[in-house]
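Numbered by numbering that gives the first Met the number 0, the letters in the sequence shown go through residues 0 to 207 in order. Built from N, CA and C at the ideal position, the CB exists for glycine as well. These figures come from a predicted structure and were not determined experimentally. Below: the structure, in structure tokens.
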Amino acid sequence: MAKYHQAIIEGKKEGYTPLIIIPSELMVEMFDLSAENTNDDRESIIVKAKDINVKELLKRMLEDVMPMDEEEEVDFTGEFSIQEQTNQFLSIQEGMNEKVILAKIPTSKPWEVAAWVPMGGFNECPLPEEQIAIFKYWYEKYGAAPALVTHDVWELYVENPPNTQEEVESLAWEQYGFCSDIVWQGIGTVNGLAGTLIHSSVWYFWWD
0 MAKYHQAIIE GKKEGYTPLI IIPSELMVEM FDLSAENTND DRESIIVKAK
50 DINVKELLKR MLEDVMPMDE EEEVDFTGEF SIQEQTNQFL SIQEGMNEKV
100 ILAKIPTSKP WEVAAWVPMG GFNECPLPEE QIAIFKYWYE KYGAAPALVT
150 HDVWELYVEN PPNTQEEVES LAWEQYGFCS DIVWQGIGTV NGLAGTLIHS
200 SVWYFWWD
């Protein structure tokens with residue numbers, strides 16, 4: 000985390016955004032497939048993101064992942080209780096991920112880094128332009144910047160995390176719509192997710 004924090008400071012001075020990339024064979028294949036993308040392609044993605052009504056997008060995403068069964072809906076909502084905070088990147092663990100790349104993405108707008116990463120549009124993972132629109136919304140609201148990426152994970156570093164139950168419950172529903180796997184294959188309930196978000200400086204999203 001120390002190197003990443005230093006890179007944030009340097010990036011703000013030099014006009015780049017740091018991004019931790021954890022390479023894998025699949026990640027290399029994804030980059031190879033997108034290697035011919037030009038700056039025009041990236042700019043097109045960014046322009047598409049600007050045209051997105053992010054609140055309408057989040058509303059639609061939430062509707063798409065809501066369970067049809069009323070009893071199931073009650074079960075997955077759950078009770079709120081404060082959980083352990085997340086202040087370290089979950090994809091970087093001691094003794095694992097020997098090869099970690101700290102890239103300098105040439106943009107001063109952190110939410111735009113998704114235009115440089117060929118990740119999205121699979122297994123309910125949002126398209127890059129949708130990621131950018133949502134990341135911008137969360138950056139403006141919480142200072143949340145995409146900080147780490149794998150072939151199926153985004154982790155965001157949050158400078159101003161929410162600190163009230165009302166805030167985190169609202170945010171948890173947004174995050175559930177954005178990435179339902181963090182509930183269904185993770186903590187199990189939306190309010191359980193909310194309990195992990197108070198004062199947490201790292202948000203984790205994984206698409207199976």
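Checklist entry - Alpha carbon to alpha carbon, what distance is there between Ile197 and Asn162? => result Distance between the alpha carbons of Asn162 and Ile197 is about 5 Å.
Next on the checklist: Taking only three categories from DSSP, how would you classify Tyr175?
Outcome noted: helix
Item to check | Cβ-based neighbour list, Ser200, same chain, cut-off 7 Å, excluding 5 preceding and 5 following | outcome: Asn86, Tyr156, Val157, Pro160
Checklist entry - When the Cα atoms are used, what is the spatial distance from Gly119 to Pro127? => result 6 Å
Checklist entry - In or out: Val182 buried (at least 16 other Cβ within 10 Å) or exposed? => result buried
Checklist entry - Would you report the Cα separation of Val112 and Glu168, rounded to the nearest angstrom? => result 27 Å
Next on the checklist: Between the segment 98-107 and the segment 123-140, can you find at least three pairs of beta-carbon atoms closer than 8 Å?
Outcome noted: Short answer: they don't touch.
Next on the checklist: Taking the beta carbon of Glu70 as the centre, do at least 16 other beta carbons fall within 10 Å, making it buried, or is it exposed?
Outcome noted: At Glu70 the pLDDT is 49, less than 50, meaning the model places this residue with poor confidence and gives no usable figure here.
Checklist entry - Going straight from the alpha carbon of Glu13 to that of Ile7, what length do you get? => result 10 Å
Checklist entry - His150: buried (16+ other C-beta within 10 angstroms of its C-beta) or exposed? => result buried
Item to check | Lys135 burial status per 10 Å Cβ neighbour count (16 or more: buried) | outcome: buried
Checklist entry - Candidates Lys98, Met0, Asn190: which alpha carbon is nearest Met26's? => result Lys98
Item to check | Exposed unless 16 or more other CB atoms sit within 10 angstroms - verdict on Leu89 | outcome: By the 10 Å Cβ count, Leu89 comes out exposed.
Checklist entry - By a C-beta neighbour count over all protein chains shown, 10 Å radius and 16 as the cutoff for buried, is Ile19 buried or exposed? => result buried
Item to check | C-alpha gap between Gln5 and Trp172, whole angstroms | outcome: Distance between the alpha carbons of Gln5 and Trp172 is about 32 Å.
Checklist entry - With C-beta atoms as the reference, is Gln130 less than 9 Å away from Pro145? => result yes
Checklist entry - Is Tyr156 near the ligand GTP, in the sense that its beta carbon is under 8 Å from a heavy atom of that ligand? => result As presented, the structure is devoid of all ligands, the ligand GTP included, so that no description of it is given.
Item to check | Inter-residue CB distance, Ala218 and Phe79 (contact presumed, cutoff 8 Å) | outcome: What the structure shows of the chain is the stretch from 0 to 207, and residue 218 is not part of that stretch, so it cannot be assessed.
Checklist entry - So, are the CB atoms of Phe177 and Met67 less than 9 Å apart? => result no
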